[in-house]
Every structure is written in C-alpha cells, then in structure tokens.
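**Student:** Here the sequence shown stands for residues 205 to 354, where the numbers follow the working numbering.
Quick reminder that beta carbons are idealized off the backbone N, C-alpha and C, glycines included.
Can you read through this structure? Questions will come right after.
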Amino acid sequence: MATIPVEHILDSHSLVSDGTVDLFELTPSSGTGTIRFKADNDVTWRGQTYVGIPCALNGEKKSSDVGLTMPKLTIGQPNIDLSLFKGLVYDGNLDNAIVVKQHLLVDNLKNNRLIREVSTYRVKRVENYSLHKIGTLKGAQMNPAALMSI
205 MATIPVEHIL DSHSLVSDGT VDLFELTPSS GTGTIRFKAD NDVTWRGQTY
255 VGIPCALNGE KKSSDVGLTM PKLTIGQPNI DLSLFKGLVY DGNLDNAIVV
305 KQHLLVDNLK NNRLIREVST YRVKRVENYS LHKIGTLKGA QMNPAALMSI
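Right, here's the structure in full:
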C-alpha cells in the first residue's frame, strides 16, 4: 500500500466547503440593455451590479435519460413592485429573450474570480404577469454556440 504524503493529508483537512450563488442576466429580444439580478441582496461581481430581487429557477435538470428539461423562472413576490417589466411583457420583448444563469461559489464572488458554471436559456413564453410577479418564464436550454449563429 502506498503512503500518502503528510502535506496531502494536511491539505485535505484544510478544505472548506462554500455556499453557492446564482446570478441571472436577462437580455430582451429587442431593444437594448441587460437586466442583471439575483435572489436576496444586491452584489457587484466583475464590475457588474446584480440587483437583489426575489427569483427562483425551478425544474432545471440534466440527465442521460431525459436530457435537458425546460426550467421555469419566476421573478417577484407580493411586496415587490415589478411595474418596470410591464413594457417588456406587453411589447413581447421577453418572448425569445435570453437568460444566462451563472452558478458560482460565494468565495469566487467575493474575490471577483471568473470561475463559474454557465447555463443559457431562450425564453419561450411568459405564462403570466402581475404587478408583483412575473410567473414562469419557460425556457429551453441553448447551446452557447447557438448564440453565435446568425
């Protein structure tokens, strides 16, 4: 049996697990600008500010049996005014919008490191909208190379 170097044993005991955070970027299908947001508080990462707004991405799943599922993104809660999204919804600018989710460790966020897992989705439709909630932006996951095609 091989012996394990003492340095490796000491390093293994110093490993610390860290929390994760999801940053979202929503780019409307027409018009200009990207809306950057995340759940909870505001944060700045790599020079971009992500506004804290209640949101959840549900149904994101990858498996060899099913493949990729179509997740649902919900933004808002009863005490939040989402009237700034009204124009985007009623003009149809959220249909075919691009949503980029960046999943990273809190330590990488704090230290401004570009180490993350990126998932890109195209919004198929907005199922419902109210002053306090954009219900279920259903999307299909995209191959990042597909964004480069014309």
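1. In the DSSP assignment, find the beta strand (DSSP E) that holds Asn262 and state where it starts and stops.
2. CB-CB under 7 Å to Leu318, same chain, minus the five flanking residues each way: which ones, in chain order?
3. Give the straight-line distance between the Cα atoms of Ile208 and Asp222, rounded to the nearest whole angstrom.
4. Residues bridged to Ile319 by DSSP?
5. If I follow the unbroken alpha helix (DSSP H) through Lys290, where does it start and stop?
6. Mind the definition here: the stretch 245-264 touches the stretch 279-287 only if three or more C-beta pairs lie below 8 Å; say whether that holds.
7. Return yes when the Cβ of Asp226 is within less than 7 Å of the Cβ of Lys305, no when it is not.
8. Relative to the C-alpha of Asn332, which residue among Phe289, Leu214, Asp311, Asn315 is closest?
**Tutor:** Per the coordinate set shown:
1. For Asn262, the enclosing beta strand (DSSP E) covers residues 259-262.
2. Arg250
3. 26 Å
4. Answer is none; Ile319 lacks a bridge partner.
5. 290-294
6. yes
7. yes
8. Phe289
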